[in-house]
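Mapping to this note's numbering: the sequence shown position 293 is 1131, numbers consecutive.
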Amino acid sequence: MSRSTARVLPAAAAALLLVGAGPVTASAANAHRAQAARAITAEISSDPTSLDPAVGFDPFSWSFIHATFVSLLTFNDKNLKIVPWGAAAMPTVSDGGRVYTFHLRHGLRFSDGEPVTASDYALAIDRILTPSTKSLVMAFYDVIQGASAYSSGKAKSVSGMKVLGPYTLQFTLVRPDRTFLDVMAIPNTAAVPPKALAKEPRTFGLHPVGDGPYVVQSYVPGREITLAKNPSYFDARSVPTPAIDVTIGLTPTTEALRVEDGTTDVMMDTLPTSVYLGVYNNPRYQAYLRHFSAITDNYVALNMRKAPFTNKLVREAAAYAVDRVQVLRAISGLGTILTQIEAPGMPGFDPSVKPLPYDPAKARKLLAEAGYPGGKGLPTITFADASGGFTAGPNVAQVVQQDLEQVGFKVQIKVMSAGAFLSAVGQYPMTMGIYGMDYPDPYDLIASQFECSEIAAGNNWQYYCNPSVDRALEASLSLPLSKAIPVYRRLQAEILSSYPWIPLYYTNYWFLVNPALRGFGSNPVFPMLFASWRLSG
């Protein structure tokens, strides 16, 4: 994906610090004891990227899309198992894992009254593969036979996607691929209504028409999104809340204050580091605190094609020079040390792997072995970072800079806007990196960051390329996950032995939420799973 699995924003003004707020009052508590049948109120600092399934590709866009559209498959809340949703059952698989046949659930309807058919799911994929849509998930579907020819304009249709009837859709893949089911479970593959799209093709992301648990009743960018329960949803009885009212444009600290005083139920942005410790250590907020750990890699990418990191010994020295304990202090402890490519919670995480030790003496020795005793002869290294919370941020970058300079490196931090930062990837020898899972299969994190082809795709920021690793990754896709996990553990050990990046931490997210709210943070793929939210009592 995903260069972020939850919205991480800069700290708000000190004048708004929650640690100076008064105790939770009786009136605030009473405000949160409203009847469970009322609308749930939430607040977020900025708009989701898009409510169009073909375009939205960030955790919050996914949460809104998942609330308003039905994909063929989805991820179970409890264990992230793939389960049927728009499909009546899991697909039948044939031809050695190359052909997937889906049979749709009967009775699905869009909120405009039009029936949902297999053609509408095929239309969703067509739109993703059409370059003018500018979908960020196009590469996920290259595994479908004929997808590349269609997206390049060499074919008028996707040969491996066939509508066999109103309720039957079949895909033929170019090779067996276990993760195809994961890809079909992300929200981007939800059915889309052809008539509504024909009426408003350019503004569909502002006025979407879907078939999910909720409909977008109104959307004023920069101000609010109102979701209303969809009476046409096939499982409407399971949706406990009549509406979700989301206010847009408040700072995270203001969001938290409004939860505390009973004005709103949910802050959708994580607590800023400036207030987290004061809130966490204050007993009066304990009932309001909710937490989940994101399956996210925060790391420093060492560009293996840029001096001095073309030298493995220099990369290894940099890895031993960074004190991850100090990195965590820089983010007020809102993280846990990352030991490997797979974060805890991802199948394949290996608990036996220990953190790389902080060893500046060894770092100096390695630099000397590389021909740079005391750092003599090393060029000044530009360290690219992004502003606005896109990456770990300046506090972490400064810790890394100071640690590297203590062993002999010369480091200059260059902070850019997120757009300029992404455009400049590959231009600098060192980059602050962040990458979150797209789906809960270990292949996703390893392949997206380390396959040779991901260099051109803009994901492999360390420019690591090992054809034997690529071949092993491709072969692993034909294996069941249980048999593939040992392969991934071996491959990540091989990759990390080249020191292409410095693992830092995975993120812990904390929010203030109405104590009466249930279902918050129940699914790591969709941090805000609106259809599971309900108020108790």
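Even for Gly, the Cβ is constructed at its ideal location relative to N, Cα and C.
Residue i - partner residues in DSSP beta bridges
i, result
"W1339", "A1139"
"Q1008", "T939 and K1000"
"S1131", "N1346"
"A1081", "A1066"
"V931", "Y938"
"M1105", "E881"
"V1363", "Its beta-bridge partners do not exist; DSSP assigns none."
"A925", "L942"
"Y1052", "K1067"
"P953", "R947"
"L1373", "L1355"
Own chain residues within Cβ distance below 7 Å of residue i, not counting five before or after
i, result
"W1339", "Y1137, V1138, A1139, L1140, G1271 and Q1300"
"P969", "S989"
"I966", "A892, S973, V975, M976, Y979 and N1026"
"A1295", "A977"
"R1143", "Y1301"
"V1012", "V981 and Q983"
"A1262", "A1222 and M1254"
"Q1239", "F1221, V1249 and I1251"
"L1019", "L911 and I920"
"A993", "G984 and A987"
"A1157", "L1194, Y1337 and I1340"
Own chain, CB closer than 8 Å to residue i, minus 5 neighbours either side, in chain order
i, result
"L811", "Look at the range of the chain in this structure, 839 to 1375, and you will see that residue 811 is not part of it."
"Y1344", "S1131, A1132, I1133, T1134, D1135, N1136, G1173, T1174, L1176, A1181 and P1182"
"W1348", "T1108, L1109, Y1114, V1117, Y1118, L1127, R1128, H1129 and L1172"
"G998", "I982, Q983, G984, A985, F1009, T1010, L1011 and V1012"
"D950", "P1031, K1033, A1034 and V1047"
Classification of residue i by the beta-carbon crowding that lies within 10 angstroms, buried from 16 upward
i, result
"V1058", "exposed"
"D1382", "For the chain, the structure presents residues 839 to 1375; residue 1382 sits outside this window and is missing."
"Q1330", "buried"
"L1002", "exposed"
"T1091", "buried"
"Q1124", "exposed"
"S1170", "buried"
"D1107", "buried"
"Q1178", "buried"
"G1212", "exposed"
"S1190", "exposed"
"T1269", "buried"
"P1362", "buried"
"H944", "exposed"
"S901", "buried"
"A1038", "One detail in the question is off: residue 1038 reads as Glu in this sequence, not Ala. By the 10 Å Cβ count, E1038 comes out exposed."
"N1297", "buried"
"A867", "The predicted position of A867 is uncertain, since its pLDDT is 47 and thus under 50; a value taken from the coordinates is nonetheless stated next. The residue in question, A867, is exposed, as its Cβ has fewer than 16 Cβ neighbours within 10 Å."
"P1195", "exposed"
"V1053", "buried"
"V1163", "exposed"
"P929", "buried"
"S1370", "buried"
"P861", "Low confidence applies to P861: its pLDDT is 41, below 50, so where it sits in the model is not reliable, and the reading given next is rough at best. Exposed: under 16 other Cβ atoms inside 10 Å."
Close Cβ partners of residue i (< 6 Å) along its chain, the five nearest in sequence each way excluded
i, result
"P1078", "R1372"
"F1228", "A1256"
"G1209", "none"
"T971", "A892 and R965"
"Y1266", "T1220 and A1222"
"R1356", "R1372 and S1374"
"P1278", "L918"
"V1165", "V1234, V1237 and L1342"
"H904", "P1025 and F1364"
Is it true that the segment 897-917 meets the segment 977-988, where meeting means three or more beta-carbon pairs spaced less than 8 Å apart?
-> no
List in chain order: all unbroken beta strand (DSSP E) runs of 3+ residues lying wholly within the segment 1210-1288.
-> 1218-1224, 1248-1254 and 1268-1274
Which ranges does the beta strand (DSSP E) cover as unbroken runs of at least 3 residues, wholly within the segment 873-922, from first to last along the chain?
-> 878-882, 911-913 and 920-922
For the 8 Å Cβ check, are there 3 or more pairs between the segment 879-892 and the segment 1082-1097?
-> yes
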